[in-house]
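Report on one structure; see the data block that follows.
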Amino acid sequence: MYVVATAGHVDHGKSTLVERLTGTWPDRLAEEQRRGLTIELGFAWTEIDGRRLAFVDVPGHERFVPNMLAGVGPVRAVVFVVAADEGWMPQSAEHLAALAALGVRHALLVVTKADLADPGPAAEEALSHLAVLGRVDAVSIGRGGDLAPVRRALCTLVDRLPAPDPAADVRLWVDRAFTVRGAGTVVTGTLAGGTLRAGDELELGGERVSVRGLQSLGEAETEVTAVARVAVNLRGVDRDRVRRGDALLTPGAWVHTSEVDVAVRAQGELHRELVLHLGAAAVPVHVRPLGTDAARLRLRVALPLRIGDTGLLRDPGEHRIAAGITVLDVRPPPLGRRGAGRARAAELASGRVPPPPIARASELRAMGFPLAGKRIGEWVVDGDALTRAREKALSRFDEWSSRHPVAAGMPVEALRQVVGLPAAELVPAALDGTGLEITEGIVRRPGAGLPARVLSALGRLDERFRAHPFRAPEADELAELGLGQRELAAAVRAGRLVRIGEGVFLGPDAPARAAEALVTLPQPFTVSEARRALDTTRRAAVPLLELLDARGITVQGADSRRHLR
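According to the numbering used here, the sequence shown is numbered sequentially starting from 4.
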C-alpha cells in the first residue's frame with residue numbers, strides 16, 4: 004500500500020479530487036459537510052493499476068494548519084493542489100513551507116479547475132515554488148475532466164518512494180481515536196515502518212496494551228505491513244486515555260525524551276517559545292539556539308524520538324513555519340558549565356553526534372544509532388573506548404597494587420568502578436593484552452610474588468621453624484617482624500605459612516612433620532602427651548591437633564584422646 008497526503012489552499016479542490024479518484028467523499032463531520040469546508044483529517048482509498056493508494060485529505064484553511072500537519076507528518080508523498088483560476092495563494096505557501104520543513108521530497112502538482120482558466124500560468128508559478136521539494140511532476144484537470152493523466156502521475160509518484168522496512172520497530176502516531184460499540188477503543192494512523200499483528204503487545208503512554216483487531220482500507224486484517232493506513236482496536240483501553248499525537252510503540256524499543264538537540268533549517272526568526280510538530284504530535288517547546296544551525300528543544304511533553312526524525316517548529320501566534328528540524332541527539336549532555344553551550348554548538352555544527360562509547364545494543368537502537376563497534380554480550384563498545392579502558396585498567400591496577408602490596412589482587416568490582424565501566428562483564432575485555440588475569444573475582448598479575456620485606460621476615464621465621472617447627476610466634480613477635488594481618492594472609496596464600504588457628508601460624512610443613520612425630524607416641528594419646536612430643540605450647544598444640552583431625556590424619560575418641568588413622 005502507498006499513503007499520499009493532500010496539500011494546498013482552501014477551496015482549490017483537494018477533497019473533490021480525492022472523491023473523484025476514490026469514490027469516497029473524505030469529509031466525515033456534519034459541520035464539514037454543512038460548511039463545505041475540510042476541518043479534520045479525511046481518509047479514502049482506491050486501487051490504480053494494481054497499486055493500493057490511501058489518501059490523507061487535510062484542511063486547507065489557515066485556522067486548521069495543526070490538523071493538516073498531523074496528517075502530513077508521518078507521510079512521505081503529497082499531492083499539491085492549486086486552482087487554475089486563483090493560482091498560488093498564501094495558504095499554499097504555508098503548506099509548502101511545512102512540507103519542506105518536514106523533508107517531504109516526493110510530490111505531484113495537480114492544477115484543478117482547468118475549465119475555468121488556463122492552467123499554464125498557475126502550473127508554472129506553482130512549480131517554481133515547489134522546486135524546493137525536488138522533482139515534481141504536474142498534471143491539470145477540469146471539473147468532470149479525464150483523470151487518466153492524474154492516475155498515471157500518481158503511479159509514477161508512488162513508484163519512486165523508498166521501500167519501507169517491515170522489520171522496523173513500530174511507532175504508529177495516532178491521528179484519530181474513537182469508540183466503536185461492541186469493540187471499544189479504536190485508533191488510526193499511518194504505519195510508516197514495521198508490521199502490526201492482531202494479538203501484539205504494544206506500549207501506549209508507558210503501559211502495555213494489546214491489539215484486539217486490525218483494519219486497513221476498510222477490511223479486517225490479521226497483519227498489516229508498512230506503509231499503510233491502519234485502524235487498531237485496543238483491548239481494555241479507555242477512550243479517554245488516548246489522544247492525537249500519542250504513539251503505539253514496540254515495547255522497550257523507543258526512548259521517551261523531553262530534551263533533544265536538533266539541526267535547524269530556519270525559515271525566519273526563531274522565537275524562544277514555539278510548537279514542535281513531529282509525526283501526529285504537536286508539543287510546545289522552549290528553544291535554546293546552539294550556533295546558527297542547531298538548537299536544544301525542551302519539550303513540555305516527552306515524545307518517543309530517534310536520531311534522524313524530522314519535524315518542524317511552528318509559531319502559532321504569527322501563523323508561520325519557523326524552521327524544519329532533524330533530531331541529532333535524544334539524550335543530550337547538560338550545559339551547566341561555562342562555555343558548554345559554545346562547545347556543544349561546535350559539535351552539532353557537523354550535523355551528527357557520535358554514539359556513546361559504551362552502551363547497550365538495545366539503547367543504541369532505541370536512540371537511532373547504528374550498532375557499530377565491538378559486541379560484548381549485550382554491550383557495544385567503541386574501539387577507542389576499549390583502548391582507553393585498557394590503559395586506565397593497567398594504570399589503576401598498578402596504583403592499587405602499590406597501596407596494597409601484599410594483597411592477592413584487586414577485586415574485579417573495584418577495578419570496574421575506578422575504570423568507569425558500566426558492567427563487570429566488560430572487565431575481561433578491558434584487561435585483554437594487559438598481562439593481567441581474573442581468578443575467582445580477583446584481578447592479579449600472574450607470577451607476582453611477595454614484597455622483599457615480607458620475604459625477609461618469612462626467612463627469619465623459617466630459621467626459627469627449623470629449630471622449633473611447632474612453636475608458633477606470638478603476636479608481638481610477628482609485629483616486630485612487620486607481619487600484620489595482610490602480610491600473614493598473603494604468606495598463607497603463597498604457601499609460606501599455614502594458619503592453624505586465630506593468630507596462630509606455623510611453617511607449611513608443620514602438619515606433616517607433626518604426624519611423623521606423633522607416630523612415636525603410644526596410641527591413643529592425650530593433648531598433653533602430644534604437646535610434649537611436639538615440644539610446643541598448648542596454644543599451638545590444640546589447634547594443630549584440630550587441623551590434623553580435619554585433614555583425617557588423626558581421629559579423636561569419646562574420651563578426647565586421639566590416635567593416628
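Quick reminder that beta carbons are idealized off the backbone N, C-alpha and C, glycines included.
Linking His109 to Ala285 through their CA atoms gives a straight-line distance of about 23 Å.
Looking at the DSSP output, Val59 bridges to Ala8, Phe46.
For Arg242, no alpha helix (DSSP H) encloses it, and the DSSP letter there is neither H nor E. Nearest C-alpha to Pro425 among Arg200, Pro359, Arg568: Pro359.
The beta-carbon separation of Leu300 and Val288, rounded to 4 Å, stays under the 8 Å limit for a contact. By the Cβ criterion, the segment 117 to 126 is in contact with the segment 145 to 152, since at least three pairs of Cβ atoms, one from each stretch, lie closer than 8 Å.
Secondary structure note for Phe508: its beta strand (DSSP E) is the uninterrupted segment 507 to 509. Between Val421 and Arg489, the gap from beta carbon to beta carbon reaches 8 Å or more.
Take Glu549, set aside five residues on each side of it, and no residue of its chain has a beta-carbon closer than 7 Å to its own.
Contact between Thr9 and Asp60 holds: their C-beta atoms lie close to 5 Å from each other, under 8 Å.
Across the set Val183, Gly196, Glu128, the C-alpha of Gly196 shows the shortest separation from the C-alpha of Pro169. Taking the Cβ atoms as the reference, Leu491 lies roughly 7 Å from Leu481, within the contact range of under 8 Å. Residue environment: Arg463 is assigned as exposed (fewer than 16 neighbouring CB atoms within 10 Å of its CB, all protein chains considered). At a cut-off of 4 residues, the continuous stretches assigned as alpha helix (DSSP H) that sit fully inside the segment 136 to 212 are 151 to 162.
By the neighbour-count criterion, in which a residue is buried when 16 or more other Cβ atoms sit within 10 angstroms of its Cβ, Thr228 is buried. Here the alpha carbon of Leu217 sits roughly 26 Å from the alpha carbon of Arg309.
At a Cβ-Cβ threshold of 8 Å, Ala427 and Glu416 count as neighbours. Here Glu127 is exposed. Its C-beta has fewer than 16 other C-beta atoms within 10 Å. In this structure, Gly294 lies near Ala352, with their beta-carbon atoms less than 8 Å apart. Residue pairing from DSSP places Lys377 in a beta bridge opposite Val384. Listed in chain order, the non-local C-beta contacts of Ala348 below 7 Å within the same chain comprise Leu293, Gly294, Ala297, local neighbours out to five positions each way being set aside. By the CB criterion at 8 Å, Pro337 and Leu252 fall outside the cutoff. Residue pairing of Val82 in beta bridges, as defined by DSSP: Thr9, Leu111.
In terms of Cβ geometry, Ile361 and Val333 do not form a close pair [threshold 8 Å]. For the pair of segments examined, the segment 231 to 247 was found not to touch the segment 260 to 270: the number of CB pairs separated by less than 8 Å stays below three.
The C-alpha of Thr198 lies about 10 Å from the C-alpha of Ala231. Residue environment analysis places Gly282 among the buried positions, since at least 16 neighbouring C-beta atoms fall within 10 angstroms of its C-beta. Taking the Cβ atoms as the reference, Gly192 lies roughly 5 Å from Val177, within the contact range of under 8 Å. The continuous beta strand (DSSP E) containing Val501 extends over residues 501 to 504. Exclusion of the five residues before and after Ala96 leaves His132 as the residues of its chain whose Cβ lies within less than 8 Å of its Cβ. C-alpha of Ile441 to C-alpha of Leu500: approximately 24 Å in a straight line.
Boundaries of the alpha helix (DSSP H) around Ala515: 513 to 521.
Contact annotation: Ala103 and Gly327 have beta-carbon atoms nearer than 8 Å. The bridge partners DSSP lists for Ile324 are Arg317. C-alpha of Arg564 to C-alpha of Gly504: approximately 20 Å in a straight line.
For the options Ala346, Arg340, Val265, the alpha carbon positioned closest to that of Gly314 is the one of Val265.
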